[in-house]
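Some notes on the structure that comes next.
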Amino acid sequence: MHNSEELKVIYESRYKNASDQKGKREIVLYQKYRKLLVSKKFQTNVHLLDLGCGIGYKTVGFSLPKENILAIDLSENAIDFCISQHKIDKVDFKAMDAFEVLGEFELITAFGFSLFNTDNNDRFIEVLEHFYTNNLSKEKGNMLLIGSFTDFSGGGKDSWYLHTKSDIEYIQKKIEEQFPLKVSIVFPHKMISNYFGFGFYNFAAEILKLIIKRKRTFFIRIEHE
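If you read the sequence shown in our numbering, its first letter stands for residue 1, the second for the next number, and so on.
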């Protein structure tokens with residue numbers, strides 16, 4: 001399990017030569033996920049915190065016009081790229097430690113946040129508790145949305161990602177036992193609207209991911225009751 005200092009070194013190196021390759025694809029994907037994953041409450045502008053934004057294409061795709069967003073990443077290289085590439089007034093890209101974020105948000109997203117994408121399930125709960133306690137506005141329906149992928153093999157190459165069905169079931173049970181939160185596990189590939197309405201390229205890419213790459217994107221949707 002990596003700490004913040006180790007993760008910073010890893011991601012500074014990863015984003016040293018950041019580019020817009022596949023950027024348009026990610027924007028389209030996350031525009032789609034916004035519609036698939038969140039309630040009507042979040043189809044209008046809200047105050048959003050995006051943890052581990054990387055080079056920002058997921059953030060941009062998931063955002064709505066004029067939405068107030070704080071998008072953070074440990075990597076200064078990633079944030080420099082975001083500031084130069086994404087000219088969006090209401091998105092504030094900052095290089096900072098996620099545990100130093102102040103203020104409350106109606107919607108918290110984590111689509112590439114390594115401290116959630118861990119095979120240490122109890123550590124996952126500890127990280128969640130921090131953001132639930134310090135940053136999630138406690139109004140009913142407010143949400144944390146955590147994204148990852150799996151093939152359920154239990155033998156993935158990268159231990160930062162959740163792999164098994166039992167991991168996900170354990171996390172769901174522990175969250176609902178410890179917090180006044182409802183947990184849903186959402187697999188977009190099981191929803192017919194995942195494939196249609198976004199162009200043939202989207203359809204082909206989704207089929208390729210499932211059949212050839214054997215990757216199943218999933219989201220842990222955590223709502224305040």
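Ideal Cβ positions, reconstructed from N, Cα and C, are used throughout, including at glycine. These numbers come from a predicted model, not from an experiment.
Sequence-distant residues of its chain with Cβ nearer than 7 Å to residue i (five each side left out)
{"i": "V127", "result": "L115, F116"}
{"i": "F179", "result": "Y132"}
Per-residue DSSP class, three states only, for residue i
{"i": "K87", "result": "coil"}
{"i": "K138", "result": "coil"}
{"i": "L144", "result": "strand"}
{"i": "I10", "result": "helix"}
{"i": "I185", "result": "strand"}
{"i": "G156", "result": "Bear in mind that the predicted position of G156 carries a pLDDT of just 48, short of 50, making it unreliable; the figure below should be weighed with that in mind. Residue state, collapsed to three classes: coil."}
{"i": "K94", "result": "strand"}
{"i": "I55", "result": "coil"}
{"i": "D80", "result": "helix"}
{"i": "T164", "result": "coil"}
Euclidean distance between Cα positions of residue i and residue j
{"i": "L136", "j": "L36", "result": "21 Å"}
{"i": "F150", "j": "D119", "result": "Reading off the sequence shown, one finds Thr at residue 150, where the question assumed Phe. Rounded to whole angstroms, T150 to D119 spans 12 Å at the Cα level."}
{"i": "K32", "j": "G112", "result": "17 Å"}
{"i": "S75", "j": "E6", "result": "11 Å"}
{"i": "Y15", "j": "G23", "result": "14 Å"}
CB of residue i within 7 Å of CB of residue j, strictly
{"i": "E176", "j": "V186", "result": "no"}
{"i": "A78", "j": "G54", "result": "yes"}
{"i": "K90", "j": "N68", "result": "yes"}
{"i": "I220", "j": "I146", "result": "yes"}
{"i": "G61", "j": "I27", "result": "yes"}
{"i": "L49", "j": "L70", "result": "yes"}
6 Å Cβ shell around residue i - same chain, five flanking residues per side excluded
{"i": "K174", "result": "I125"}
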